[in-house]
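Chains as they are written, first to last, in our numbering: chain A, 1 to 176; chain B, 1001 to 1380.
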Amino acid sequence: TTHISVLAADGSAVSVTSTINHIFGSFVLSRRTGIILNNELEDFCGRANSISAGEQPPSSMAPTILQSKDRKKILVIGGSGGSMITTAIAQSVMNHLWLGKSLKGAISEKVVFVDAQNSVNFEPGFQQSLIEEMRTRGHIIKGREFFLNVVNAVEKEHGCISAFSDYRKKGMAAGY
Amino acid sequence: MGKERRRLVCVCCGLVVAVVAVLLIIVCVSRSKCPGERFSHAAVAADSLRCSNIGRDILLEGGSAVDAAISALLCTALVNPQSMGLGGGAIFTIMDSSGKVKVISSRETVPKNFRQDLLQHCPKTVKLTTGPQWIGVPGELRGYARAHALYGKLPWARLFEPIIKLARDGFPMPEYLAQFLQHKFIKPMVQNSSLCELFCHKNKTVLGVGDTLRYPKLADTLEIIAKQGAEAFYTGQVAQDLIRDVQEAGGQLSLEDLESFEVRVDEARTVLLGEYKMHIPPLPAGGAMISLILNIMHGFGLSPASLQGNQTALTLHRYIEAAKFANGQRMKIKDPHYSPQNVDNMMDSSFADEVRAMIRDHSTHPASFYNITPSTDRFG
């Protein structure tokens, strides 16, 4: 999955998330067209007992635009990483809007992911003392191997634009 | 004559110097207005600098935010082909300059002749699930076309120009893609699939950093779509070629599936979050879960002080608890056109208040408390 955030000079904005689902989707390449096909129907697994033609599978994708009520601040944000999208975006928004971190700091912060079994997974490098503290409060801590969460965002405040693409995918934003 | 020529040269030089000076002043003024790594006018954040730059250049040329997004997406299909491409689907949340927000969803759909026993073949553990039976009807390009029809400024073909050149000329293998290709699980899968035509040397070893990545066949396809429009993918020669390939691989996708694919255009769902309005796409996208977590956390009155001293652990604990309650709602995330159910409460602050009241500051609950239905995690 990938996410792109755009803020144009006229104040319009686009938050778009696109996917072929798993890494290289279905692993089927159309040789005549050069197109790699998705494996999106796998998203029904564990989430549905039956499916119907024309139905869209459930998704964690959430291209989001936040705007202050006075319209002076706008945050265009979204992410990739399957189920990790939810907490990665929530954590970045929380870090930035309420906990006082810069956009870059909010996205770069090590994440905590609560998996489908409700076990808690900390990104490598997360503060160890906090992990121990969570263990004492009764959380089941697991050591997830892959953290594919990526958040890309653009924000405008007081007439200036900050843009940040997640280092985790070696991304970088551009503007003028 | 000589004097006149010298005078002309002097005038021209003066003009060039004046233009350069004006440009320098503009750059300096805009830099000083927004110091540091910030920008004064517009920006694009994509998964690679190459694609962010392509989006930025489209904006500089007078393109709309949607134009820039489409070009950056097409670029990403080449730079991060493991993540997305024309064979997938997308969800756009678009705010116009008046502040009105729409969602354009071209997320893939179930084809007409899907395997009836498909869900019985779901993996029991987290792993890559491959094969043509899992292919959904790709909506990607019809989504771009609809977004461009509603919000585009530059001609459709212009958005494809830099991408076709990139696909044909090639570019250095991106480091992030190379990491995947060299991964111990993914490498043999690529080597034993048709993807090896794109990502392997002739001797079947996968490409690495330092190699050049080219997409000649995709460049041809992009050229057709640039000239003929997205319909070439859904009803034209590209559609026929694509379906032949999928069916030869054993898939059920048909020309009828492509032809009948419908893009959904909706108003965005808007959630009030303190002093912010959060615009998210409707189901089956996952924005409702994010809004629940944020609504719960907002009620705790977060501020920079929430990360001071022992407040840090408390804030983290509350966040984890909020995420557990959100997980408990995950099974409600379904296509509303097929499973009509009211999930408005997930975005309602009173529901968040109820949940918050159930969070204890120094302990957690058993899994059943959170209304969790066991499933596997997704990693797309």
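For every residue, glycine included, the Cβ atom is placed at its ideal position computed from N, Cα and C.
Limits of the beta strand (DSSP E) - the one that residue i falls within
i	result
A:G105	Run containing A:G105: none in the beta strand (DSSP E); it sits in the alpha helix (DSSP H), 103-108.
B:E1267	1264-1267
B:M1331	Note, B:M1331: premise wrong, no beta strand (DSSP E); not H, not E.
B:M1278	1276-1280
A:Q67	64-68
A:G79	73-80
B:A1219	Premise fails: B:A1219 lies in the alpha helix (DSSP H), 1216-1228, not in any beta strand (DSSP E).
A:H3	2-7
B:G1089	1089-1095
A:F122	120-122
A:N152	150-157
A:C160	160-165
A:S50	Unbroken run through A:S50: none, as it is neither H nor E.
Residue interval of the alpha helix (DSSP H) (run including residue i)
i	result
B:S1260	1255-1260
A:M134	128-136
B:Y1151	1140-1151
B:G1328	1311-1328
B:Y1234	1231-1234
B:L1181	1175-1181
A:S15	Careful: A:S15 lies outside any alpha helix (DSSP H), inside the beta strand (DSSP E) at 13-19.
B:L1302	That residue, B:L1302, is in no alpha helix (DSSP H); it is neither H nor E in DSSP.
B:K1165	1156-1169
A:V114	A:V114 -> not in any alpha helix (DSSP H); beta strand (DSSP E) instead, spanning 112-114.
Contact check, residue i vs residue j, beta carbons under 8 Å
i	j	result
A:L66	B:Y1370	no
B:A1268	B:T1093	yes
A:V6	A:V150	no
B:R1056	A:Y176	yes
B:F1351	B:Q1252	no
B:I1293	A:A90	yes
B:L1302	A:L99	yes
B:A1090	A:A173	no
B:G1085	A:I85	no
B:T1235	B:E1259	yes
B:G1274	B:H1298	yes
B:L1181	A:T33	no
A:G81	A:A88	yes
A:V177	B:I1320	For residue 177 of chain A there is no data in the structure shown, the boundaries of chain A being 1 and 176.
A:H139	A:G79	no
A:S165	B:D1047	yes
B:A1219	B:I1164	yes
B:S1040	A:C45	no
A:R137	B:T1364	yes
A:S68	B:A1065	no
A:S59	B:P1284	yes
B:A1147	B:I1070	yes
B:Y1230	B:A1145	According to the sequence displayed, residue 1230 of chain B carries Ala and not Tyr. A contact, by the Cβ cut-off of 8 Å.
A:F147	A:E123	yes
Contacts of residue i in chain A (Cβ-Cβ under 7 Å)
i	result
B:A1323	T87, V114
Interface residues of chain B facing residue i [CB-CB closer than 8 Å]
i	result
A:S171	First, the amino acid is wrong: residue 171 of chain A is Gly here, not Ser. Under the 8 Å cutoff, chain B gives A1045, A1046, D1047, S1048, L1049, S1052.
A:R135	None at all; the shortest Cβ gap to chain B is about 10 Å.
A:A48	L1119, K1334
A:K69	E1275, Y1276, K1277
Interface partners of residue i on chain B, CB under 7 Å
i	result
A:V93	L1294
A:Q128	Within chain B, no residue comes near A:Q128; the closest Cβ sits about 12 Å away, beyond 7 Å.
A:E109	The contacting residues do not exist; A:E109 stays about 10 Å from chain B at best.
A:H139	I1320, T1364
A:A90	I1290, I1293, L1294
Whole-number beta carbon distance between residue j and residue i, since they are thought to touch under 8 Å
i	j	result
A:R31	B:E1197	7 Å
B:G1143	B:T1109	So it is not a contact: roughly 12 Å between Cβ atoms.
B:D1067	B:K1153	6 Å
B:I1333	A:A62	That belief does not hold up - the Cβ atoms of B:I1333 and A:A62 are roughly 10 Å apart, past 8 Å.
B:C1051	B:V1079	6 Å
A:S243	A:I77	Residue 243 of chain A is absent from the model: chain A starts at 1 and stops at 176.
B:I1296	B:V1355	5 Å
A:R47	B:M1346	Incorrect: roughly 16 Å between the Cβ atoms, too far for contact.
Proximal residues of chain A, C-beta to C-beta of residue i below 9 Å
i	result
B:F1160	Near B:F1160 there are no residues of chain A at all, since even the closest Cβ is about 14 Å away, more than 9 Å.
B:P1188	Within 9 Å Cβ-Cβ: nothing; B:P1188 doesn't reach chain A, min ~11 Å.
Chain A contact residues for residue i, given Cβ-Cβ distances below 8 Å
i	result
B:M1331	R47
B:I1163	Residues of chain A passing the Cβ test: none, with the nearest at roughly 12 Å.
Three or more C-beta pairs closer than 8 Å, one from the segment 1168-1183 of chain B and one from the segment 1207-1225 of chain B: is that the case here? yes
Measuring CB atoms only, is the segment 1147-1164 of chain B touching the segment 44-56 of chain A, in the sense that at least three cross pairs come out at less than 8 Å? no
Could you tell me whether the segment 1127-1145 of chain B touches the segment 1236-1251 of chain B, using the rule of 3 or more Cβ pairs below 8 Å? yes
Any contact of the segment 1086-1106 of chain B with the segment 1187-1195 of chain B, i.e. 3+ C-beta pairs under 8 Å? no
Between the segment 101-121 of chain A and the segment 14-26 of chain A, are three or more C-beta pairs nearer than 8 Å? no
Would the segment 1311-1326 of chain B and the segment 130-147 of chain A be scored as touching if the rule is three or more Cβ pairs under 8 Å? yes
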